[in-house]
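Numbering (our numbering), first residue to last: 9 to 157.
Using N, Cα and C, we set each Cβ at its ideal position, and we do this for glycine too.
Values in this document were obtained by computation on a predicted structure and should not be read as measured data.
Some notes on the structure that comes next.
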C-alpha cells in the first residue's frame with residue numbers, strides 16, 4: 009500500500025464529509041484457503057506415535073506460512089468482488105464500489121481496513137456482510153492508520 013493512496017482516500021473523505029471507519033480482521037491469515045497442496049511436519053506435541061514420519065496436509069493457511077498473505081488476500085478480494093466492488097488497477101489495496109448515489113472506497117493493509125463512503129447505511133450493510141465470512145472487528149471512526157493521525 010502506498011502512503012500517497014492513503015492520503016488521497018483520507019482527503020477525499022474529509023472534503024466530501026464522508027464517514028471514515030476502521031476495521032480489523034482477527035486471525036486474517038486463518039481465513040485464506042490454499043490454492044496449492046502444502047504439507048508440514050507434525051507439530052511438536054502432536055506427533056503420532058504410530059506414524060512419526062507422517063506429514064500433515066494443510067487445508068487452510070496458517071501464520072508463518074509464506075502463502076498465507078496471498079491466500080488471505082485472494083479470499084477477501086473474492087468476497088469484495090462478489091459484493092460488487094471493483095479492484096483498482098493501479099493499487100491492489102484499493103477497492104471501489106459505485107451504485108447510484110452510493111460510493112464506497114476500501115483500503116486494505118494486511119488485516120487492517122479503512123472504509124469511507126457517501127452512505128453510513130451502506131457501510132453498516134457492508135460490515136454485516138463481511139462479518140458473515142470473517143471475524144471482523146469494527147474499530148469505529150478512524151483516528152490513526154499506518155502512522156497517519
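{"Query": "Residue 130 versus 138, 57, 112, 147, residue with shortest Cα-Cα distance", "Result": "112"}
{"Query": "7 Å CB neighbourhood of residue 174 in its chain, flanking five on each side removed", "Result": "It is not possible to answer for residue 174, since the shown part of the chain is limited to 9 through 157."}
{"Query": "Selected residue, minimal CA-CA separation from residue 110, among 146, 140, 92, 52", "Result": "92"}
{"Query": "Spatially closest choice to residue 134 from 117, 105, 149, by CA coordinates", "Result": "105"}
{"Query": "Cα-Cα separation between residue 108 and residue 33, rounded to whole angstroms", "Result": "28 Å"}
{"Query": "Spatial distance of residue 39 from residue 53 (CA atoms)", "Result": "With a pLDDT of 44 at residue 39, under the threshold of 50, the modelled position of that residue is not reliable, and no figure is offered here."}
{"Query": "One or two residues paired with residue 111 in a DSSP bridge", "Result": "106"}
{"Query": "For residue 66, three-class secondary structure by DSSP", "Result": "coil"}
{"Query": "Per DSSP, cross-strand counterpart(s) of residue 125", "Result": "27, 112"}
{"Query": "8 Å Cβ cutoff met for residue 31 and residue 149", "Result": "no"}
{"Query": "Distance, residue 17 Cα to residue 87 Cα", "Result": "21 Å"}
{"Query": "Residue 63 versus residue 20 - alpha carbon distance", "Result": "51 Å"}
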